[in-house]
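Each residue of the sequence shown is one higher than the one before, starting from 10 at the first, in this note's numbering.
For every residue, glycine included, the Cβ atom is placed at its ideal position computed from N, Cα and C.
Okay, structure first, notes after.
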Amino acid sequence: MKKTEGYRTVSIDEARIDEFFEVDQWAFVGEWLPEDRQDYVDAIPLDGMRAVEVTEPARGFVGDLGGVYAAFSTEMITPGARRVPTSGLSWLGVHPSHRRRGIMSTMVRDHFERCIDQGLHVSVLYAMESEIYARFGYGLGSQTVRAEIPRGARMWPVEGADDLTVRLERADFAKHDQLVADLQAKLTRPGTVINPVGSGRNARFTDPVGNRKGMEKWRLLIVEDQGEPVGYAFFRRKADSSVGIHDGVAQVAEHGALTPAASQAMWKVLTDFDLVETTRTANLAIDDPLVHQLKDARGARSRVIDNIWVRLLDVPRALECRAYFHDIDLTIALTDRHVPANAKTWRIVITGEDAQVTEAPQGTSPDLAMDTRHLASLYLGGTSAESLHAAGLIAEHTDGAARQLAVAMFSPVAPLANWDF
């Protein structure tokens, strides 16, 4: 029997959602609390649930799910504040009883085919294990800073920050969803994944008890300029006086600010709560305004980890959905094991900020050669083509071609996805 025989790929409706969740609990090594079920239902894109189901008794009980995933359709910000049709892939897991049978490959292939059919040029995800997704053509699209900022950290003053108003409220989907969605849609940083419409939209507001680890429920900070929202942050705190001193922690999750002043007004509050000695960040860009505003950035005890991973599904259309910063006329030979339509030599002509991408005539000698995952790493502008060439991952057949591509594609600001999905 071939590895993937005895299974079929099916859509999952809400009637089978508990079967779906059971697979993910096995895959991600966790036991969800019964009272958290509705939070998970609210967080998942119900119309994007797919699974691999057993059809032969030799594989297990017929009808059991061996693997699951969910995906939503949206847009992602690209360099130049442009947008590309995007799919967010999540909830992807294989039950331990069904590992090593090609189920992951089956699901990823199914996801790619559905995205292409829907006109979604890019797929993005957060990787539990990065090596797994690299083999499917995902490249590291952005990185994030995890910082631990001491209470009262001093900052270089920013004009107008003290004139803004900051409100603190309990995060509530009905009350705050549109406010947060409107603010996030105004962000221009590459890598920003726009929150989708429909089921799963309120994922940022879900708050399972099992994930809190003793912390309070999500709070929302809102920065206003004369009544107009200009910044927001989801946060929660946990007090700790176990050794006789106040050593509490604040955790900051999704956040965004439209102006330098809004950023500073937000972080001044987030780093100066009573009973809290440390504020921990997530989803902080490596060049976030906070990094430059802190007088003692070293004191933030920062470390850099991966953020989102990017997969180009329609290479020419994806490349045409971003701005560029240097005129070039180059040919790139791409390899792509999973999307054969991408495995061609492409001519990229950039004039001004726009690219025209066409298939090069057969027999054209390419200026550069790379796998599609390396082009995906370049896509949001956070990785340099010359650095990948220096690492031996991009082949340069024309002297200086990697540098030309690096200058054209590199983003003036670092990319980042600011919310987890």
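Residue burial annotation: residue 273 is buried, with at least 16 other C-beta atoms found within 10 angstroms of its C-beta.
Ranked by how close their Cα comes to the Cα of residue 287, the residues 310, 298 and 430 have 310 in first place. Pairing residue 38 with residue 154 gives a Cβ-Cβ distance that is not under 8 Å.
Residue 375 is positioned such that its CB atom lies closer than 8 Å to that of residue 342. Around residue 87, the same chain offers 93, 199, 330, 331 and 389 as residues with beta carbons nearer than 7 Å, after the five sequence neighbours per side are excluded. When only Cα atoms are considered, residue 91 and residue 15 end up about 44 Å apart.
The criterion of a C-beta distance shorter than 8 Å is not satisfied by residue 397 and residue 364. Residue 405 and residue 339 have their C-alpha atoms spaced approximately 11 Å apart. Under the DSSP assignment, residue 101 falls in the beta strand (DSSP E) whose first and last residues are 91 to 103. Burial of residue 292 is indicated by the presence of at least 16 other C-beta atoms within 10 angstroms of its C-beta. Under a 10 Å Cβ-count criterion, residue 264 is classified as buried, with 16 or more other Cβ atoms of the shown protein chains found around its own Cβ. With three or more CB-CB distances shorter than 8 Å, the stretch 199 to 219 counts as touching the stretch 52 to 68. Contact between the stretch 133 to 145 and the stretch 316 to 327 is established, with three or more Cβ pairs separated by less than 8 Å.
Taking the Cβ atoms as the reference, residue 417 lies roughly 21 Å from residue 201, outside the contact range of under 8 Å. With respect to the 8 Å criterion, residue 232 and residue 259 are not classified as neighbours on the basis of their beta carbons.
Annotation: the continuous alpha helix (DSSP H) that includes residue 119 extends over 112 to 126. For residue 140, the three-state secondary structure derived from DSSP is helix.
For residue 355, the enclosing beta strand (DSSP E) starts and ends at 354 to 360. Spatial neighbours of residue 304 in its own chain (CB-CB distance under 7 Å, excluding positions within 5 residues in sequence) are listed in chain order as 163, 164 and 165. Counting the other CB atoms within 10 Å of its CB gives residue 283 a total below 16, which places it among the exposed residues.
One alpha carbon belongs to residue 244, the other to residue 361, and they sit about 41 Å apart. When only Cα atoms are considered, residue 183 and residue 196 end up about 22 Å apart. In the DSSP assignment, residue 262 falls within the beta strand (DSSP E) that extends over 257 to 266. Burial is judged here by how many other beta carbons sit within 10 angstroms of a residue's own beta carbon; residue 385 has at least 16 and is buried. Across the set 346, 348, 370 and 347, the C-alpha of 370 shows the shortest separation from the C-alpha of residue 354.
By the C-beta density criterion, residue 413 is buried, having at least 16 other C-beta atoms within 10 angstroms. Cβ neighbours of residue 103 within its own chain (closer than 7 Å, five residues either side excluded): 36, 75, 76, 112 and 113. Here DSSP, grouped into helix, strand and coil, assigns residue 58 to strand. Approximately 6 Å separates the beta-carbon atoms of residue 230 and residue 275; this is inside 8 Å, confirming the contact.
Taking the Cα positions, residue 220 is about 16 Å away from residue 180.
In this chain, the beta strand (DSSP E) harbouring residue 76 covers 74 to 87. In the DSSP assignment, residue 163 falls outside any beta strand (DSSP E), carrying neither H nor E. When the beta-carbon positions are compared, residue 294 and residue 423 come within less than 8 Å of each other. Secondary structure within the stretch 185 to 241: the beta strand (DSSP E) runs of 3 or more consecutive residues, fully enclosed, are 228 to 234 (chain order). Taking 8 Å as the cut-off, the beta carbon of residue 278 is found closer than this to the beta carbon of residue 175. With 16 or more other Cβ atoms from the protein chains shown falling within 10 Å of its own Cβ, residue 185 counts as buried.
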